[in-house]
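Engineer: The structure is given below, and queries will be raised subsequently.
Residue numbers (my numbering): 1 to 193.
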């Protein structure tokens, strides 16, 4: 009888433990969603201000989103069109390269990977006030993701520097060839005569 009581007590404690674990995980998931929504709103507001005040001299592309659908199937332009269409995005004037960074690096347009893209670009050599602000925000608000961000930074270091390219003039280029080119960064470039 005492053994039965001890087993039931042990079973009850185990059930309580599982319930508490489930509760904590559920709360944690909800907090992550709230945190990501907050970061998303911060980026929406700050990017509008950044584009309005910091990129005054930068010109928008002359190619429209509608034009992208007529690019060759295997081109960078067509891949950009598919990316924009599948995510219900429109081209952001004066920040058109940003979506190209997504498709060339493979980072999806969700909060965690948007922040990782910023670390990737830092590794790739990009330096800007907005980038440093985004990375600082990521470190403060999402310290649990730092190992993922460090991997993204290292990935950016491995790629050939492309953050400064004007992709408007490269939209006809073969997407796979361009991706292969930027993913290969020779360690010791030599000139063969």
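The beta-carbon is built from N, C-alpha and C at its ideal position, and this holds for glycine as well.
Excluding sequence positions up to five away, which residues of its chain have a Cβ less than 6 angstroms from the Cβ of residue 113?
Structural biologist: The residue you call residue 113 lines up with position 113 of the chain shown. For residue 113, where only same-chain residues beyond five positions count, the Cβ hits under 6 angstroms are 107.
Engineer: Let's see if you can read the secondary structure: which residues bound the alpha helix (DSSP H) around residue 135?
Structural biologist: Start at 1 with the first residue of the chain shown, and residue 135 comes out as number 135. Per DSSP, residue 135 belongs to the alpha helix (DSSP H) from 129-141.
Engineer: Where residue 94 and residue 152 are concerned, what is the direct C-alpha to C-alpha distance, given to the nearest angstrom?
Structural biologist: Here residue 94 refers to the residue found at position 94 when the chain shown is read from its first residue. Here residue 152 refers to the residue found at position 152 when the chain shown is read from its first residue. About 25 angstroms.
Engineer: Going along the chain, which residues of its own chain have a beta-carbon closer than 7 angstroms to the beta-carbon of residue 141, five neighbours each way excluded?
Structural biologist: Position 141 of the chain shown, counted from the first residue, corresponds to residue 141. Closer than 7 angstroms at the Cβ level, and outside the excluded window around residue 141, lie 35 and 39.
Engineer: Using the beta-carbon count (16 or more within 10 Å), is residue 176 buried or exposed?
Structural biologist: Translated into positions along the chain shown, residue 176 becomes position 176. Flag for residue 176 reads exposed.
Engineer: Please classify residue 206 as buried or exposed, where buried requires at least 16 other C-beta atoms within 10 Å of its C-beta.
Structural biologist: The chain is shown only over 1 to 193; residue 206 falls outside these bounds and no answer can be derived.
Engineer: Rounded to whole angstroms, what is the Cα-Cα separation between residue 161 and residue 98?
Structural biologist: Position 161 of the chain shown, counting from 1, holds the residue named residue 161. Position 98 of the chain shown, counting from 1, holds the residue named residue 98. Looking at the two C-alpha atoms, the distance is approximately 15 angstroms.
Engineer: Bridge partners for residue 75 per DSSP, in chain order?
Structural biologist: Along the chain shown, one-based indexing puts residue 75 at 75. According to DSSP, which records beta bridges pairwise, residue 75 is partnered with 174.
Engineer: Alpha carbon to alpha carbon, how far is residue 168 from residue 91?
Structural biologist: Within the chain shown, the letter at position 168 stands for residue 168. Within the chain shown, the letter at position 91 stands for residue 91. If you take the alpha carbons of residue 168 and residue 91, they lie about 12 angstroms apart.
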